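Residue numbers (the working numbering): 9 to 91.
Ideal Cβ positions, reconstructed from N, Cα and C, are used throughout, including at glycine.
Since the model is a prediction, treat every value here as computed from it, not as a measurement.
Notes for the one structure printed next.
This is the structure in structure tokens:
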């Protein structure tokens, strides 16, 4: 049976204010790091699944459970396959 690893990246939509990212920008300034104008903070989910789980299943997981699609976008990335 083949096991695949998939990563789902979830990020706030571009038009949504990211207060956590802005807090990081302010903290960088206090650390003396200049030149950073924006930070967007998101989530990363690593999923290992066997070959019974389809790409459509992962899409549904992301849409229903992993991301709030009203304010977040997501991207599904195939990382590797291992036997």
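Can you give the beta carbon distance from residue i to residue j, rounded, assuming they're within the 8 Å contact cut?
| i | j | result |
| --- | --- | --- |
| residue 79 | residue 20 | 6 Å |
| residue 15 | residue 54 | 5 Å |
What is the DSSP secondary structure of residue i, reduced to helix, strand or coil?
| i | result |
| --- | --- |
| residue 73 | helix |
| residue 86 | strand |
| residue 80 | strand |
| residue 59 | coil |
Considering only residues of the same chain and omitting the five flanking positions on each side of residue i, which have a CB-CB separation below 8 Å?
| i | result |
| --- | --- |
| residue 52 | 15, 16, 17, 18 |
Which same chain residues end up closer than 7 Å to residue i when comparing Cβ atoms and leaving out the 5 residues on each side of it in sequence?
| i | result |
| --- | --- |
| residue 82 | 16, 17, 18, 70, 74, 75 |
| residue 87 | 13, 14, 15 |
In chain order, what residues of the same chain have a beta carbon less than 6 Å from the beta carbon of residue i, not counting five sequence neighbours either side?
| i | result |
| --- | --- |
| residue 59 | 10 |
Unbroken stretches of the beta strand (DSSP E), 3 residues or longer, contained in the segment 9-52: 11-20
Cβ contact (3+ pairs, closer than 8 Å) linking the segment 25-32 and the segment 63-75: no
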